[in-house]
Every structure is written in C-alpha cells, then in structure tokens.
Amino acid sequence: MEDREVILDQIEDALNHYNTFLFHQCQTRQFFRAPMRDVKNIKRWHKNYDNRAIDEDEQSYLDHDDLVCLSRKDKLPLRQLIDHSLRLITLSIWRDKPRVLAQAQGLENVSYFSEKKMNMFVSAVITAQVLE
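For the sequence shown, position 31 (counting from the first letter as 1) is numbered 79 according to my numbering, and the numbering increases by one without interruption.
The structure is reproduced here in structure tokens:
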C-alpha cells in the first residue's frame, strides 16, 4: 500500500510540473514575434563592438526563428513612419548628442537617436492636429 502512495505522489508531482510547463508555454505563445528590424539592430550592435559583449557562439540565439518581444510598445502610425524611413530617422534633430560623445568614440558608423525627442515630436503633431 505504501508503494502505491509513493507512486501516486510521484505522479502528482510529475503532473504538477507538466501543468506548470503547459501554463508557461501558453504564456510564451501570447508574446509577439520579435521584429526582424530589431534583431538586425542587435546583430549590428554586436558587430560594431567587435562581438565582445557576448561570445560569438552565444550570439546564435539571434538566428533562431522563435524570438519573442518581451516588452512591446505600440507605436503610433507617425512614429512607425519615422522608424521605417531611413531619411526621417536619421534627421539631426533626433540625435542624442551627449550619448554620441560619451559612447561612440572611435565608432564612426554608430548613431544614437533620442526616443524621447521622437515621441515628443509625434505628440506635438497630434496635439496640433487636435487643436485645429
């Protein structure tokens, strides 16, 4: 009888682990796929720093097709337009000059842009449209 109770306890533990696994799988499936643009930006960042931030072998996670976005920010259409236009996103008004001076020493191909400035611009345009 004791053997049966031990086996039932083991089965119960295994089922609890399995249910936890299923719950986590369901939660993971609710995340949105990582935008390819973001993955490319991370790869470019690694390349610009000579792949020293993370060992090259460990960077292979970026080649998987099941990457998810853990923190999703919905962007307004005007902000999406700015982000997808090389001409708009590289305008000098967005430059984060203090960050460029502090971090980009010797990295001529690296540009830093201020998310805050872009978001403030989008908010100002929307507010101006509403007030008209």
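All residues carry an ideal CB built from backbone N, CA and C; glycine is no exception.
It should be emphasised that the depicted structure is a prediction, and the values quoted were computed from it without experimental measurement.
Query, Result
"Cβ-based neighbour list, Phe79, same chain, cut-off 7 Å, excluding 5 preceding and 5 following", "Val116, Cys117 and Leu118"
"Cβ pair Arg135, Tyr160 closer than 8 Å", "no"
"Phe169 (DSSP reduced to helix, strand or coil)", "helix"
"Alpha-carbon spacing of Glu53 relative to Tyr97, whole angstroms", "58 Å"
"Exposed unless 16 or more other CB atoms sit within 10 angstroms - verdict on Ile130", "buried"
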